[in-house]
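Residue numbers (this note's numbering), protein chains in the order written: chain A, 38 to 379; chain B, 38 to 379.
Note sheet for the following structure.
2 protein chains.
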Amino acid sequence: MSREIDYRSAGVDLDRGEREKAGFRGLLESTRDERTLSKLGLFGGLYAVPTGVLDPVLVSSTDGVGTKLKVAFLAGIHDTVGRDIVNHCVNDILVQGARPLFFLDYLAIGVLAEGVVHSVVRGVAEGCRENGCVLLGGETAQMPEFYPAGEYDLAGFVVGIVPRDRILDGSAVRAGDVLLGLPSSGLHTNGYTLARKIVFDASGLGVDDPFPGLGATVGSALLRVHRSYLHVLLGELERGSIRAMAHITGGGLPGNLPRSLPTGLGAEIRASSWTVPPLFRALQELGSVRDDEMFRVFNMGVGMVVVVPCAEADLVLARLRGSGEDAWVLGSVVEESGVHFI
Amino acid sequence: MSREIDYRSAGVDLDRGEREKAGFRGLLESTRDERTLSKLGLFGGLYAVPTGVLDPVLVSSTDGVGTKLKVAFLAGIHDTVGRDIVNHCVNDILVQGARPLFFLDYLAIGVLAEGVVHSVVRGVAEGCRENGCVLLGGETAQMPEFYPAGEYDLAGFVVGIVPRDRILDGSAVRAGDVLLGLPSSGLHTNGYTLARKIVFDASGLGVDDPFPGLGATVGSALLRVHRSYLHVLLGELERGSIRAMAHITGGGLPGNLPRSLPTGLGAEIRASSWTVPPLFRALQELGSVRDDEMFRVFNMGVGMVVVVPCAEADLVLARLRGSGEDAWVLGSVVEESGVHFI
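Here you go:
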């Protein structure tokens with residue numbers, strides 16, 4: 038009967054969805070650890086609370102990749118955005134002092150295009166392995182009419198753990214503490230609506246064109262993976278030498294540094310202490326963007342800020358540099374709230 | 038300078054985003070409990086692991102509202118989808134034996150339309166309060182170009198807890214066990230791409246039109262909130278009378294019941310044991326949908342299936358009915374895998 042309607046003709050292919058899901062099995066298995074109690078296919082993922090953590094506190098965060106995804110669509114590269122979102126979420130709980138336990142992804146897609154879902158989830162699994170966290174579950178939602186063919190949205194959720202007396206909530210920060218800057222690997226996952234407008238709309242560049250002055254294509258410059266700061270900072274965290282941290286995401290330094298400081302204290306940033314990477318300078322020039330807008334939208338080369346006691350700053354800096362991290366003294370904590378560039 | 042580009046002209050309004058966020062404070066506060074250690078604005082939410090749970094296991098799940106959202110957009114009703122997603126996620130971990138601890142939402146929106154974000158998050162907070170779980174955090178992503186004005190995607194993420202010896206993973210199920218059915222409250226959050234195609238496209242109905250034979254408008258029939266089974270089943274869980282549970286979501290009874298049964302066992306369902314609600318029958322008739330397709334896409338009036346030992350079935354049923362739940366004997370566990378309708 039020709040009027041008969043079924044789910045597939047409405048745009049949702051349950052069989053294909055099941056096949057895609059079966060393809061995730063190996064990816065999820067590759068991230069398992071000894072506390073993972075569930076197998077793929079249960080309604081919820083099971084994870085035993087680690088023993089030996091005194092007064093354990095769970096730390097959880099969620100975020101999306103944002104419109105960086107549009108660059109991935111243009112470039113046809115789908116295996117980096119998963120690493121972006123895992124690293125982003127891991128950094129967000131790291132700044133409270135937590136190490137990640139497990140991660141779940143939410144992938145909403147219009148049409149199940151061949152290989153795209155698998156590439157995305159492969160990137161998520163790779164990100165999880167890199168951060169030593171378990172990909173405990175996820176959802177792939179087929180949502181025709183929400184997303185055009187080949188497009189999708191990707192969000193992530195992470196749960197980590199920290200002993201209660203090691204939580205970083207800003208309360209330990211004192212005026213005179215030193216702010217150490219750690220370099221970003223690119224735009225990370227913020228400011229892409231502005232960056233794409235500048236690059237693709239205002240400048241008329243294509244994703245395969247060379248990015249002016251960068252020696253890289255537009256696509257590869259904009260898709261650089263949001264780095265994770267877990268491994269470089271975990272040792273310092275365990276040592277107890279860190280008083281607070283700020284992950285520099287949407288809102289930039291002025292929007293994120295105050296989130297890590299107690300009421301009444303602020304940050305003084307020495308603008309001359311680092312060279313803003315060429316990618317940001319090129320974006321600013323191409324778009325004639327004001328300085329303050331650049332610093333509010335982009336990380337400007339500073340991906341993470343670590344607050345340490347003044348007396349320990351040199352030692353921490355030396356250890357970070359010794360491990361290959363290009364950290365520097367970015368500024369200090371002052372008794373005037375807000376972020377002040379000097 | 039007229040060529041100057043800023044984030045706002047690119048479609049992202051950081052100030053407004055901050056104001057919306059400030060409006061969430063009261064909503065999050067309304068869900069706090071004594072183990073919630075964080076306040077709004079930190080990078081990650083902090084939640085102390087409950088003490089007194091022997092060998093505690095975390096159970097986590099993520100899901101989206103799916104294209105039920107399109108009905109909410111048409112109806113201009115944004116405060117029910119949040120309850121949908123909380124209840125959906127809570128049910129998904131309940132079937133492993135877990136009670137919820139905390140929830141996070143991911144809301145991706147094209148343009149911050151007046152009141153819409155607040156309505157959505159208010160619904161999420163209400164859902165959290167109803168399930169006694171904390172709204173620990175969330176993300177509101179402004180993604181112009183992804184979503185038209187007034188449209189958004191909404192996903193949720195829940196973490197619950199269960200003592201290790203109380204995990205329901207299907208291993209306790211035996212042939213001869215009884216399947217109890219619990220009624221759904223409507224389509225819950227599945228099958229909306231097909232339902233919308235039938236109702237809006239094929240039948241030409243509008244969201245404010247009466248739904249044929251239902252005594253309700255199309256909008257109110259399709260937006261009925263996905264119910265939570267937490268409160269009605271928590272007592273039985275604690276009593277240890279439940280061997281397994283299946284939340285009937287995408288894939289229907291045939292797709293979800295086997296997820297709760299051990300390999301080699303199946304389910305025999307007495308089709309005459311319940312009356313499929315008029316909403317499903319009307320959809321089937323309007324769309325000339327085949328029987329097997331209906332059962333694969335929709336819950337058909339069965340929102341949750343509970344597996345109990347045969348000897349305890351009458352007692353459990355009596356207690357559920359005594360608490361006002363319209364449960365019934367749906368079928369039994371048999372030694373033939375798959376789901377068999379008799």
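Virtual Cβ for every residue (Gly too), placed ideally from N, Cα, C.
Query                                                                                                                 : Result
Phe194/B - partner residues in DSSP beta bridges                                                                      : Thr99/B, Leu141/B
Straight-line gap, Leu159/A to Ala178/A (C-alpha atoms, nearest Å)                                                    : First, the residue type needs correcting, since residue 159/A is Arg and not Leu in the sequence shown. Each residue's alpha carbon lies about 17 Å from the other.
Coil, strand or helix - Gln321/A by DSSP                                                                              : helix
Inter-residue spacing [alpha-carbon to alpha-carbon] between Val171/B and Thr99/B                                     : 16 Å
Nonlocal neighbours in the same chain, by C-beta distance under 7 Å from Gly338/B, ignoring five residues either side : Pro220, Ser221, Trp311, Val313, Pro314, Phe317
Within chain A, partners of Leu274/B - CB distance below 7 Å                                                          : Near Leu274/B there are no residues of chain A at all, since even the closest Cβ is about 14 Å away, more than 7 Å.
For Leu259/B and Val96/B, believed in contact at Cβ under 8 Å, the rounded distance                                   : About 30 Å; that fails the 8 Å criterion.
Other residues of its chain near Asp121/B: CB distance less than 7 Å, five sequence neighbours each side excluded     : Val102, Lys105, Thr226, Val262, His263
Outcome for His268/A when other beta-carbon atoms lying within 10 angstroms are tallied against a minimum of 16       : exposed
Neighbouring residues, chain A, relative to Glu41/B (Cβ below 9 Å)                                                    : Gly324, Ser325, Val326, Arg327, Glu330
Spatially closest choice to Val196/A from Gln133/B, Thr117/B, Leu83/B, Glu176/B, by CA coordinates                    : Leu83/B
Residues bridged to Gly368/B (per DSSP)                                                                               : Leu216/B, Ile306/B
With 16 other Cβ atoms within 10 Å as the buried cut-off, status of Leu131/A                                          : buried
Chain A within 8 Å of Arg296/B, Cβ atoms only                                                                         : yes
Separation of Leu173/B from Thr73/B, as counted between CA atoms                                                      : 8 Å
Beta-bridge pairing of Gly175/A - partner residues as DSSP gives them                                                 : Asp142/A
Chain A within 8 Å of Leu74/B, Cβ atoms only                                                                          : yes
C-alpha distance - Gly164/B paired with Val86/B, whole-angstrom precision                                             : 22 Å
Nearest-angstrom Cα separation, counted from Leu111/A out to Ala281/B                                                 : 46 Å
Proximal residues to Gly375/A (C-beta, below 6 Å), its chain only, five neighbours per side dropped                   : Gly303
CB of Glu305/B within 8 Å of CB of Gly368/B, strictly                                                                 : yes
Sub-8 Å separation of Val334/A and Tyr143/B beta-carbons                                                              : no
For Gly340/A, the three-state DSSP class (helix, strand or coil)                                                      : strand
Where Phe139/A meets chain B, residues with beta-carbon distance less than 9 Å                                        : Leu95, Ser97
Counterpart residues of Arg62/B in DSSP-defined beta bridges                                                          : DSSP lists no partner for Arg62/B.
Inter-residue spacing [alpha-carbon to alpha-carbon] between Val154/B and Glu57/B                                     : 7 Å
Continuous beta strand (DSSP E) stretch holding His225/A: start and end                                               : Here His225/A belongs to no beta strand (DSSP E), and DSSP marks it neither H nor E.
Residues sharing a beta bridge with His377/A, DSSP                                                                    : Glu305/A
Same chain, Cβ closer than 6 Å to Asp363/B, neighbours up to 5 away in sequence not counted                           : Pro220
Where the beta strand (DSSP E) through Ala109/B begins and ends                                                       : No beta strand (DSSP E) contains Ala109/B, which is instead part of the alpha helix (DSSP H) from 105-112.
For Arg53/B and Ala59/B, the rounded distance between their alpha carbons                                             : 10 Å
Gly332/A versus Leu290/A: straight-line alpha-carbon distance, rounded                                                : The sequence shown places Phe at residue 332/A, rather than the Gly named in the question. Using only the alpha carbons, I get a separation of about 7 Å.
Under 8 Å by beta carbon: chain A residues contacting Tyr44/B                                                         : Gly228, Thr230, Leu231, Glu330, Arg333, Val334
Cα-Cα separation, Gly81/B to His377/B                                                                                 : 46 Å
For Pro93/B and Ile22/B, the rounded distance between their alpha carbons                                             : Absent from the model: residue 22/B. The displayed extent of chain B is 38 to 379, so no value can be given.
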